[in-house]
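Per my numbering, the very first residue in the sequence shown carries number 198; after that it's consecutive.
All C-beta atoms, glycine included, are put in the ideal place defined by N, C-alpha and C.
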Amino acid sequence: MSVHGAASVPSEPRRKVTFADLAAKKATGEPIAMVTAYDHPTAQIVDAGGVDIVLVGDSAAMTVLGYDSTVPVTIDEMLMLTAAVRRGLSTPLLVADLPFGSYEGSDELAVATAQRFIKTTGADAVKIERGGTSIDRARAIVAAGIPVMGHVGLTPQTAAVLGGYRSQGRTADEALAVCRAALALQQAGCFAVVFEAIPSDVTEAVMPLMQVPVIGIGAGSGTDGQVLVFHDLLGIYGGRPAKFVKQYARLRSVMIEGVAEYAADVRTGGYPAPEHGYSMAPEESARLRELLAGL
Ligand code: KIV
Numbered sequence: 198m199s200v201h202g203a204a205s206v207p208s209e210p211r212r213k214v215t216f217a218d219l220a221a222k223k224a225t226g227e228p229i230a231m232v233t234a235y236d237h238p239t240a241q242i243v244d245a246g247g248v249d250i251v252l253v254g255d256s257a258a259m260t261v262l263g264y265d266s267t268v269p270v271t272i273d274e275m276l277m278l279t280a281a282v283r284r285g286l287s288t289p290l291l292v293a294d295l296p297f298g299s300y301e302g303s304d305e306l307a308v309a310t311a312q313r314f315i316k317t318t319g320a321d322a323v324k325i326e327r328g329g330t331s332i333d334r335a336r337a338i339v340a341a342g343i344p345v346m347g348h349v350g351l352t353p354q355t356a357a358v359l360g361g362y363r364s365q366g367r368t369a370d371e372a373l374a375v376c377r378a379a380l381a382l383q384q385a386g387c388f389a390v391v392f393e394a395i396p397s398d399v400t401e402a403v404m405p406l407m408q409v410p411v412i413g414i415g416a417g418s419g420t421d422g423q424v425l426v427f428h429d430l431l432g433i434y435g436g437r438p439a440k441f442v443k444q445y446a447r448l449r450s451v452m453i454e455g456v457a458e459y460a461a462d463v464r465t466g467g468y469p470a471p472e473h474g475y476s477m478a479p480e481e482s483a484r485l486r487e488l489l490a491g492l
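Have a look at this one:
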């Protein structure tokens, strides 16, 4: 199935990943693997694949809910998806994205929304986007006892003010703003920060100042770990993937072929075959026919 060759699937029993494990991985230079998931079977798959962190990203808006950006996804939709993922995970840390509009307005709103996610879904942590006012929101949520992951660079919830879905920090001044936001989120108590779609040079320049794990997506190889959207990495999502995506399978075409074969089988009588049906004792069948004849 893999277009890049087989990789080993962990077979040893594993223990639950902790925040301390992430810090230890940063200290020892062992890369952190993070991926998104949005439903129960996907959660079981990424769990079996042995990732360290699973993010129920608001990318769900596009990958599973059919919106054209992350902006419209609601708290209730994200709560339902996060709870489904929780039921499918055993070992990775579970991070829930707080959707656009659910935390920015005030510290009180941010804490209340974060508490709702932790209480009702069983997520271990929440993620919020941007520097600016999100630095205060991160500090408030952390002070309320909830671990927070920050997210800087390309922040899709506010892509409109960033000039669309494009890489960030391409000039020294813009890059400095991204670095300042990352450092402020670290200072605010975030346990990790995502760097999205920034030049590798920017990552390398700021990494010596980052004491918490940095997870990159389109930020080069200098981070402490990487994250990809499940549907991108397995080639499920249609359309052209972003430049930073590496596809490890092409499941969309496999799925379409499977459904097309099924539809053709139904139309030609190839499915169901006798082995797909249930049987009944011949005498019961004969009696049924008698009973029906007498109706
Ligand atoms: O929503 C998401 O999937 C994300 C990752 C790309 C980091 O925020």
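Between ligand 1 and K443, a heavy atom-to-CB distance of less than 8 Å is absent. C387 is a Cβ neighbour of V339, given a cutoff of 9 Å. The DSSP-derived three-state label of Q354 is helix.
The set of residues with a C-beta under 7 Å from any non-hydrogen atom of ligand 1 comprises T233, L252, G254, D255, S256, T267, D294, K324, H348, P353, V391, E393, I414, V424 and V426, given in chain order. For Q408, the secondary structure class from DSSP, reduced to helix, strand or coil, is coil.
Taking the Cα positions, T239 is about 46 Å away from A483. Counting the other CB atoms within 10 Å of its CB gives Y235 a total of 16 or more, which places it among the buried residues. Per DSSP, the unbroken beta strand (DSSP E) holding L252 starts and ends at I250 to V253. In the DSSP annotation of this structure, the continuous segment of the beta strand (DSSP E) that includes I229 starts and ends at I229 to T233.
It is roughly 31 Å from the alpha-carbon of L380 to the alpha-carbon of Q444. Comparing C-alpha distances from I395 to each of A389, Q408 and G350 shows the shortest one belongs to G350. The alpha-carbon of M259 is positioned some 13 Å away from that of T271. A straight line joining the alpha-carbon of S397 with that of G413 spans about 10 Å. Counting other Cβ atoms within 10 Å of its Cβ, P469 stays below 16 and is therefore classed as exposed. For V251, same chain residues with a beta-carbon under 8 Å away, outside a window of 5 residues either side, are M231, V232, T233, A234, A240, V243, D244, V282, L286, P289, L290, L291 and V292 in chain order.
If you look at K213, you'll find it isn't in any beta strand (DSSP E); DSSP assigns it neither H nor E. Taking the CA atoms as reference points, V248 sits about 16 Å from V411. Around the beta-carbon of G328, 16 or more other beta-carbon atoms lie within 10 Å, marking it buried. Using a Cβ distance threshold of 9 Å, V390 and A341 do not count as a contacting pair.
For V206 and R212, the gap between their C-alpha atoms comes out near 16 Å. Distance from the CA atom of E401 to the CA atom of A416, rounded to whole angstroms, is 9 Å. Membership of F314 in the alpha helix (DSSP H) is indicated by the continuous run D304 to T318. Here Q383 is not near M346, since their CB atoms are 9 Å or more apart.
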